[in-house]
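S.K.: Chains as they are written, first to last, in the working numbering: chain V, 1 to 114; chain G, 1 to 111.
Note that the Cβ used here is the ideal one computed from N, Cα and C, for glycine as well.
Values in this document were obtained by computation on a predicted structure and should not be read as measured data.
Handing you a structure now.
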Amino acid sequence: ETGVTQSPTHLIKTRGQQVTLRCSSQSGHNTVSWYQQALGQGPQFIFQYYREEENGRGNFPPRFSGLQFPNYSSELNVNALELDDSALYLCASSLGQGGQETQYFGPGTRLLVL
Amino acid sequence: LAKTTQPISMDSYEGQEVNITCSHNNIATNDYITWYQQFPSQGPRFIIQGYKTKVTNEVASLFIPADRKSSTLSLPRVSLSDTAVYYCLEARGSTLGRLYFGRGTQLTVWP
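Quick look at the structure:
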């Protein structure tokens, strides 16, 4: 157990809807990163939040957005859902924003878009 | 984009030592080499990280040659529960912590 929790565990939405996924980071960690993992692929970096500010973004459109709260928990919001958004969404917390910091992943939220 | 190359799959038997080698042909001076393990329907889990030579922890050993163009993850005496996908990554210490995952190596351990 990493101490990182995510909710919900599973979610079914239809195309065009909006979804919010939540992540509670490990105690003491001020950095949260979000990843999307399609079936059979490795996780792909969406963005990172450090002390409530977005600190870098991968190759994802603006309809993927996020927030980090003062307690360092985080949300991922996806608007105008598309079928290709079906994936496992992972959040990872770390002590800092540096590349060498160990990232502790949660169990993920599996999203199915119909 | 993933910057490493590793075998798509490997098979082993319980009790054997498993070595998974990864190529890091374009590794930068300030990159660390990091390995993660992932079980089905779970998030990746950090295994080990090193910069050069050899690193050992309670789970695995990591061998990195002097030129750092490759790395080898060594799992001693594997068990059925070591069946998982193993990812090698290059983590740049001076930049923000985005991790570039490839497709990883599916290790299957047989009884």
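At what residues does the beta strand (DSSP E) containing residue 24 of chain G begin and finish?
M.R.: Taking the second sequence and counting its residues from 1, one reaches residue 24 of chain G at position 24. Segment: none, residue 24 of chain G is in no beta strand (DSSP E) and carries neither H nor E.
S.K.: Quick check on residue 81 of chain G: does DSSP put it in helix, strand or coil?
M.R.: Here residue 81 of chain G refers to the residue found at position 81 of the second sequence. Residue state, collapsed to three classes: helix.
S.K.: Residues of chain G with CB under 7 Å from residue 62 of chain V, in chain order?
M.R.: Start at 1 with the first residue of the first sequence, and residue 62 of chain V comes out as number 62. The premise fails here: residue 62 of chain V is roughly 18 Å from chain G at the closest Cβ pair, so nothing lies under 7 Å.
S.K.: Work out the CA separation of residue 60 of chain G and residue 44 of chain V for me, nearest whole Å.
M.R.: Indexing the first sequence from 1 puts residue 44 of chain V at position 44. Indexing the second sequence from 1 puts residue 60 of chain G at position 60. Rounded to the nearest angstrom, the two C-alpha atoms are 25 Å apart.
S.K.: Alpha carbons only, please: which of V:34, V:16, V:63 is nearest the one belonging to residue 97 of chain V?
M.R.: Reading the first sequence from its first residue, position 97 is the one you call residue 97 of chain V. Here the closest residue by C-alpha is V:34.
S.K.: Quick check on residue 11 of chain G: does DSSP put it in helix, strand or coil?
M.R.: Stepping through the second sequence from its first residue, residue 11 of chain G is reached at position 11. Reduced to three states, the DSSP call for residue 11 of chain G is strand.
S.K.: My assumption, with CB atoms under 8 Å, is that residue 66 of chain G sits in contact with residue 100 of chain V. Please give the rounded CB distance.
M.R.: As a working mapping, residue 66 of chain G is identified with position 66 in the second sequence. As a working mapping, residue 100 of chain V is identified with position 100 in the first sequence. Actually they do not touch by this definition, with Cβ atoms about 20 Å apart.
S.K.: Report the partner residues of residue 108 of chain G according to the DSSP bridge assignment.
M.R.: Numbered from 1 along the second sequence, position 108 holds the residue referred to as residue 108 of chain G. Partner(s): G:11.
S.K.: Residues in its own chain within less than 8 Å of residue 63 of chain V by CB, not counting five upstream and five downstream?
M.R.: Numbered from its first residue, the first sequence carries residue 63 of chain V at position 63. If we look at residue 63 of chain V and ignore the five residues flanking it on each side, its Cβ neighbours are 78, 79, 80.
S.K.: Would you mind sorting residue 9 of chain V into buried or exposed? The rule is 16 or more other CB atoms within 10 Å of its CB.
M.R.: Looking up residue 9 of chain V in the first sequence gives position 9. Exposed: under 16 other Cβ atoms inside 10 Å.
S.K.: Verify the CB distance criterion: does residue 8 of chain V have a CB-CB separation below 8 Å to chain G?
M.R.: Reading the first sequence from its first residue, position 8 is the one you call residue 8 of chain V. Residue contact check for residue 8 of chain V against chain G: no CB pair falls below 8 Å.
S.K.: Secondary structure at residue 114 of chain V, three-state DSSP: helix, strand or coil?
M.R.: Mapped onto the first sequence, residue 114 of chain V falls at position 114. Of the three classes helix, strand and coil, the one that applies to residue 114 of chain V here is coil, per DSSP.
S.K.: Would the beta-carbon of residue 15 of chain V fall within 8 Å of that of residue 82 of chain V?
M.R.: The sequence position of residue 15 of chain V within the first sequence is 15, counting from 1. The sequence position of residue 82 of chain V within the first sequence is 82, counting from 1. Yes, the pair counts as a contact, with Cβ atoms nearer than the cut-off.
S.K.: With a cut-off of 8 Å, does the C-beta of residue 65 of chain V fall near any C-beta of chain G?
M.R.: Your numbering for residue 65 of chain V matches position 65 in the first sequence. It does not: the Cβ of residue 65 of chain V has no partner Cβ on chain G nearer than 8 Å.
S.K.: With DSSP as the reference, label residue 83 of chain V as helix, strand or coil.
M.R.: As a working note, residue 83 of chain V is residue 83 in the first sequence. Of the three classes helix, strand and coil, the one that applies to residue 83 of chain V here is helix, per DSSP.
S.K.: Is residue 174 of chain V near residue 13 of chain V, with beta carbons less than 8 Å apart?
M.R.: In the structure as shown, chain V starts at 1 and stops at 114, and residue 174 of chain V therefore has no counterpart that could be examined.
S.K.: Excluding the five sequence neighbours on either side, which residues of its own chain have a C-beta within less than 7 Å of the C-beta of residue 72 of chain V, listed in chain order?
M.R.: The residue you call residue 72 of chain V lines up with position 72 of the first sequence. 25, 29, 30, 32.
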